[in-house]
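Enquirer: Residue numbers (my numbering), protein chains in the order written: chain A, 1 to 445; chain B, 1 to 275; chain C, 1 to 277.
For every residue, glycine included, the Cβ atom is placed at its ideal position computed from N, Cα and C.
Just so it is clear, the structure is predicted and the values come from calculations on it, not from any experiment.
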Amino acid sequence: MKKWSVALVSLMMLALTLTACGGNEANNAANAGNDGTASNKAGQVTLKFMGWEVSPLETQSVKNGLEQFMKENPNIKVEYTTIPGGTQYVAKMQAMVLGDEAPDVFFLQSDYYHDFVTRGSLLDITENVKKDGMDSDLIDSAVQLSTVDNKYYGIESCIVAPVLYYNKDIFDKAGVAYPPSDPSKAWTWNEFVNTAKKLTIKNGDKVEQYGVYGMETYYNLIAEIMSNGGNWFTSDLKSSAANTQEVKEVLQAVADLRKKDGVSPEGKLLTNSGMSPAQMLQTGKIAMLVDGSWALQELSKMNFKVGVGVLPKFDEAVTHGQAHLHVASANTKHPEEAWKLIKFLSSEEYQLQNVKAGLWLPNHKSLYTEEGIQKWLTAGVHPDGFKDLIPYFTSSKPYPYALLSSQRIQEDTTTELDKFFLSDQSLDQTVQNIETVVNKSLAAQ
Amino acid sequence: MKPRSWLKPTAHIILLIGSIIILFPFIWSVCTSLKNVNEVFTYPPRFFGAELKFSNYTNMTDRFPIIQYFLNTLKITVIVVVSQLITSSMAGYVFARLRFHFREGLFGLYLATLMVPAQVTMIPTFLLMKYYGLLDTHWSLILPGLVSAFGTFLLRQFFSTIPEALEEAAKIDGCTPFGIYWRIFVPLSKPALATLGIFIMLGTWNDFVNPLVFINSMNKMTLTLGLANMQGLYSTDWPALMAATVITILPILIVFLSAQDIFVRGVTLSGLKEG
Amino acid sequence: MLFPNLIGFLMFLLLPVLATFVISFSDWNLTNSFHFNGIDNYKELFQDPVFIQVMGNTFYFTLASVPIGIVISLLLAVILNQKLRFIRFYRAAFFIPVISSMVAVSVIWQWIYNPEYGLLNYALSWFGIDGPAWLTDPHWAMPTVIVTSIWKSLGFNMLIFLAGLQSISDSYYEAADIEGAKWYSKFWRITLPLLSPTTFFVTVMSIINSFQVFDTVYLMTQGGPARSTSVLVYYIFQNAFQYFHMGYASAMAYVLFFIVLIITFIQFWRQKKWSIY
Chain A
1 MKKWSVALVS LMMLALTLTA CGGNEANNAA NAGNDGTASN KAGQVTLKFM
51 GWEVSPLETQ SVKNGLEQFM KENPNIKVEY TTIPGGTQYV AKMQAMVLGD
101 EAPDVFFLQS DYYHDFVTRG SLLDITENVK KDGMDSDLID SAVQLSTVDN
151 KYYGIESCIV APVLYYNKDI FDKAGVAYPP SDPSKAWTWN EFVNTAKKLT
201 IKNGDKVEQY GVYGMETYYN LIAEIMSNGG NWFTSDLKSS AANTQEVKEV
251 LQAVADLRKK DGVSPEGKLL TNSGMSPAQM LQTGKIAMLV DGSWALQELS
301 KMNFKVGVGV LPKFDEAVTH GQAHLHVASA NTKHPEEAWK LIKFLSSEEY
351 QLQNVKAGLW LPNHKSLYTE EGIQKWLTAG VHPDGFKDLI PYFTSSKPYP
401 YALLSSQRIQ EDTTTELDKF FLSDQSLDQT VQNIETVVNK SLAAQ
Chain B
1 MKPRSWLKPT AHIILLIGSI IILFPFIWSV CTSLKNVNEV FTYPPRFFGA
51 ELKFSNYTNM TDRFPIIQYF LNTLKITVIV VVSQLITSSM AGYVFARLRF
101 HFREGLFGLY LATLMVPAQV TMIPTFLLMK YYGLLDTHWS LILPGLVSAF
151 GTFLLRQFFS TIPEALEEAA KIDGCTPFGI YWRIFVPLSK PALATLGIFI
201 MLGTWNDFVN PLVFINSMNK MTLTLGLANM QGLYSTDWPA LMAATVITIL
251 PILIVFLSAQ DIFVRGVTLS GLKEG
Chain C
1 MLFPNLIGFL MFLLLPVLAT FVISFSDWNL TNSFHFNGID NYKELFQDPV
51 FIQVMGNTFY FTLASVPIGI VISLLLAVIL NQKLRFIRFY RAAFFIPVIS
101 SMVAVSVIWQ WIYNPEYGLL NYALSWFGID GPAWLTDPHW AMPTVIVTSI
151 WKSLGFNMLI FLAGLQSISD SYYEAADIEG AKWYSKFWRI TLPLLSPTTF
201 FVTVMSIINS FQVFDTVYLM TQGGPARSTS VLVYYIFQNA FQYFHMGYAS
251 AMAYVLFFIV LIITFIQFWR QKKWSIY
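(1) With a cut-off of 8 Å, does the C-beta of K8/B fall near any C-beta of chain C?
(2) Whole angstroms are fine: how far does the CA of Y110/B sit from the CA of A161/A?
(3) Taking the straight line between their C-alpha atoms, what separation do you get for S189/B and I20/B?
(4) State the start and end residues of the unbroken alpha helix (DSSP H) segment that holds L422/A.
(5) Quick check: is the beta carbon of Y235/C nearer than 8 Å to any beta carbon in chain A?
(6) If the cut is a Cβ gap below 9 Å, which residues of chain B does F61/C touch?
(7) Specify the secondary structure class of M252/C as computed by DSSP and reduced to three states.
(8) Within this structure, are the beta carbons of Q260/B and R85/C separated by less than 8 Å?
(9) Are the region 306-314 of chain A and the region 133-146 of chain A touching, with three or more C-beta to C-beta distances below 8 Å?
(10) Taking the Cβ atom as the reference point for each residue, do T113/B and L13/C lie within a distance shorter than 8 Å?
(11) Nearest chain C C-beta to K259/A closer than 8 Å, yes or no?
(12) Pick helix, strand or coil for M50/A, following the three-state DSSP scheme.
(13) So what does DSSP say about T144/C, is it helix, strand or coil?
(14) At 8 Å on the CB atoms, spell out the chain A contacts of D276/B, in chain order.
(15) Between Q68/B and G133/B, what straight-line distance do the alpha-carbon atoms span, to the nearest angstrom?
(16) Would you call the region 58-76 of chain C and the region 191-211 of chain C in contact, with 3 or more CB pairs under 8 Å?
(17) Between the C-alpha atoms of E159/A and G321/A, what's the straight-line distance to the nearest angstrom?
(18) Would you say P67/C reaches chain A, if we count a Cβ-Cβ gap shorter than 8 Å as a contact?
(19) Anything in chain B within Cβ reach of Q82/C, meaning under 7 Å, just list it in chain order.
(20) Work out the CA separation of F159/B and N40/A for me, nearest whole Å.
(21) Indicate the three-state DSSP secondary structure (helix, strand or coil) for K77/A in the structure shown.
(22) Does any residue of chain C bring its CB to less than 8 Å from the CB of K419/A?
(23) Can you tell me whether M302/A is buried or exposed? The criterion is at least 16 other CB atoms within 10 Å of its CB, across all chains shown.
(24) Around the Cβ of G128/C, are there at least 16 other Cβ atoms within 10 angstroms (buried) or fewer (exposed)?
(25) Going by DSSP in three states, A330/A sits in which element: helix, strand or coil?
(26) Report yes or no: do three or more beta-carbon pairs, one from the region 401-411 of chain A and one from the region 374-381 of chain A, lie closer than 8 Å?
(27) Give me the chain C residues within the contact set of I22/B, using Cβ-Cβ distance strictly less than 8 Å, ordered along the chain.
(28) Roughly how many angstroms lie between the CA atoms of I112/C and I68/C, to the nearest whole one?
(29) Which same chain residues, not among the five before or five after M129/B, have their C-beta less than 6 Å away from its C-beta?
(30) Could you have a look at Q209/A and say whether DSSP puts it in helix, strand or coil?
(31) Are there 16 or more other CB atoms within 10 angstroms of the CB of L250/B, so buried, or fewer, so exposed?
(32) Using beta carbons (cut-off 8 Å, strictly below), is K130/B in contact with chain A?
(33) Contact defined as beta carbons within less than 8 Å: I believe V145/C pairs with V98/C. What is the distance between those atoms, to the nearest angstrom?
(34) Measure the CB-CB distance between L2/C and V94/B and report whether it falls below 8 Å.
(35) Going along the chain, which residues of the region 25-38 of chain C sit with their C-beta nearer than 8 Å to a C-beta in chain A?
(36) Can you name the residues of chain B whose CB is closer than 7 Å to the CB of I79/C?
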């Protein structure tokens, strides 16, 4: 038997299949080169920049900003791409970091910042921050959220905080006073529930209009827990504080909104109604909406009279602040250019664009002076009374998940909260379970 | 009255209702894909909006670069199908006809891996791709697809049923084993190859897990991953999502309708699922 | 000629199978250095409440989807086997979900299951039923996922049954006709017994596939709400590619392998028994 000829043919076949796809890859690369204008220009650096998209408007803001940046830095070309947000984003980003495929610069949710820093995935930019004096104008909470052990691995983009939106037409029609925007006049929880009841309209058994929506997500919940003097964690962040009276009161009150008072729709409607919460508020499915301050950008463009107020209080009128960070990969081949981009993204100029559109709130001290506020408060975006809200944001408490490695903790907490809100797990069982799983995760850190 | 005369009409009614239930989601997706964004929220639902918005199909290319995804998927599928057919048929021939040491043992190993769930091999494959820097390239989808134990097994079984008498003449003429494989076995097994080819195609075209794990860049995504990505980004723009869905299904549907018999034969012959 | 195949086989099948086995005895998470921790992962599995819940969900999915799917597809195949006209049309209709990608299918179904604007709840409202939030209600999410996957695989099983039915010789039925047997007694006494090897094969394959369900869950519910649809492979995926607990995920993959192995051995054993027929 001619073994050699067999082997030879086999090798040829293998070579054939390999070169066949090799050719394809080369073609693709060539195509990419043609599409990406002049990426081979001498001395030009291409930065990969990745983020997610809350709304198409947001992506447009980012792209506008990047055009400006590239005009100022003709030797840097930025390629911006978006992938789905939330946990999918983190999973993908982690996979890219591990595969040495991480983009040079990317958005990172504050809640995962510590996870990434611990794994050594992010570029230490402390020296550059200090050298360029970037930190001197940041408000305190921004500094706190951007540093891990006094080192910067990224800069917080802005502030966002949960607030209470409402559809003014619905309030006018029902003859009910608007929710206050001055934190010192915040509604008590009872006032809030009573208003929500007045605004819930039934037609037979079917509810046509709900008083409020959005309180059940853990992001919004924690603002009310803080208002009741509680927190998910003890102040040293070493153990869970879920099993406390402060937390339990709030969980019960929020669950009652839907289960007892019937003024709020199914908690997960957000992800599965097919309508965004903003659309629900616009079309009068709900009268009030608890959502992040970023939603104002979308809401203000939706052709209805939107108002913004402070959240109802248990004890103290308070919200929490955080925002995603702009970070660079530890493995970037262009650390200097990456820093330039981060610096630009943290500049007053770039921030103003998004702040004016209602997407962000500033984290520069200079933008909270009387003069600074005039730079961004925009008629048609920021409703009447928005100025009253400003102290609410500047005194916001740090978002606790952003201060520790919290990926698994959040997943476990959400699971237990789902069991409580959507299934029939008891309150005591829920907080005990959260305490157990969270303490286990914290002990492992 | 003849017995069973009512059976056939009843059967038709049941099957018709069944087909409607089965096909309804597809019909509904086509209808939704032609609506205006606001029209999808009308209640009670209607089949058609005020006008048929074909622009949903043309406008989505910036969010769903359909041509790029299509070409990526096509490229990967063609390479995988062709090379898997070649490697499987050659090895199938060797296992069926050539005699060498450890042949049975080696074939036994192939058989054993048939039972291994894909998830078991995924982690090391991910690490292997990472080691060779092939993550986020189409190689990471192509290379593991070049060979399949199932294809080798299927074709070995098929080749074993070909009478040896057919190759005697060729052997006397001095044909090499490769010559016999190429001139006798391949032409004789065209139906089996077509069946296997269609299964590999289905599995590769619709594969979601592997692209999900291996591919990150938008311009390298396949249709399935691209669609899932779009769903993550535009979760409430149902008409656009449905348009993308329809376009994702369409190519494979055309292939299926034009080669229904090969599909059917494939299922009945092998009785094994795709992948 | 074996060479190209052998290389691929060794690199992407045999080597990974062995590597997973080795990794399953380590606490590797890609960033720490590799070191073995004995059978800790396997011990931890049985103390991990999430793993136990996930196994329960996987069994729930399998025990519900396999019998229902088989009964419906068998009935359809029997009906379709009456030498009807339009058989090509029906066959194609039932097979279209099989060839469609799960991603596309899940997008469509999510819209149908939508609690507020979905077709399903609208249809139920005709009968005065206020449908639940299918995919976001912890009690309903799993049944909802199961319905979708039965719908998807129905046509495939139906075709295999059809082939099995067509291989039953007409002479049995003719003999029964002479005895004046009714159609249902023919079904119980001829069709079912003679079809049993096919039924068994379909059952085994369906069980194996059900244990490996992933796409449906990942796309429709992400394992939620409250982990009520989190199945074994979804948890493997999370551990491997979200938490990067490679050792732990590998151990789970081997548990899955072991289950599939047992089912396969049962199949071999039964096949031997049947070949006596």
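Expert: Taking the geometry as given:
(1) With respect to chain C, the C-beta atom of K8/B has a partner C-beta closer than 8 Å.
(2) The straight-line gap from Cα to Cα measures roughly 58 Å.
(3) Spanning the two alpha carbons is a distance of roughly 37 Å.
(4) L422/A -> no alpha helix (DSSP H), and no H or E assigned at all.
(5) Closer than 8 Å to the CB of Y235/C there is not a single CB belonging to chain A.
(6) Here the premise fails: no neighbours, minimum Cβ distance about 15 Å.
(7) Helix, per DSSP.
(8) No; because the gap between Cβ atoms is not below 8 Å, this pair is not in contact.
(9) Touching, no, given that fewer than three Cβ pairs across the two stretches are closer than 8 Å.
(10) In this structure, L13/C lies closer than 8 Å to T113/B by Cβ.
(11) For K259/A, no Cβ of chain C is located within less than 8 Å of the residue's own Cβ.
(12) Collapsing the DSSP output to three states places M50/A in a strand.
(13) Of the three classes helix, strand and coil, the one that applies to T144/C here is helix, per DSSP.
(14) Within the shown structure, residues of chain B are numbered from 1 to 275, placing residue 276/B beyond reach of any answer.
(15) Straight across, the Cα-Cα distance linking Q68/B with G133/B is about 23 Å.
(16) In the pairwise beta carbon analysis, the region 58-76 of chain C is classified as touching the region 191-211 of chain C: at least three pairs are separated by under 8 Å.
(17) Note that residue 159/A corresponds to Ile in the displayed sequence, not to Glu. Taking C-alpha positions only, I159/A is separated from G321/A by approximately 6 Å.
(18) By the rule that beta-carbons nearer than 8 Å mark a contact, P67/C does not touch chain A.
(19) The answer, in chain order, is L7, K8, A11.
(20) For N40/A, the predicted model reports a pLDDT of 48, less than 50, meaning its position is unreliable; a value from the coordinates is still stated below. Cα atoms of N40/A and F159/B: separation of roughly 53 Å, rounded to the nearest angstrom.
(21) K77/A: strand per DSSP, three-state reduction.
(22) Residue-level contact by beta carbon holds for K419/A and chain C, with a gap shorter than 8 Å.
(23) So M302/A counts as exposed.
(24) Under the 10 Å beta carbon count, G128/C is surrounded by fewer than 16 other beta carbons and is classified as exposed.
(25) Coil at A330/A, not helix or strand.
(26) No, the region 401-411 of chain A does not touch the region 374-381 of chain A.
(27) Contacts between I22/B and chain C, judged by CB atoms closer than 8 Å, involve A93, F94, I96, P97, W151, L154, G155 in chain order.
(28) So the alpha carbons of these two residues sit roughly 21 Å apart.
(29) Only L135, S140 meet the Cβ criterion.
(30) Residue state, collapsed to three classes: strand.
(31) By the 10 Å Cβ count, L250/B comes out exposed.
(32) K130/B counts as touching chain A.
(33) In this structure, V145/C and V98/C do not form a Cβ contact; the two beta carbons are roughly 17 Å apart against a cut-off of 8 Å.
(34) Yes; because the gap between Cβ atoms is below 8 Å, this pair is in contact.
(35) Result list: L30, T31.
(36) In chain order: A11, I14, L15.
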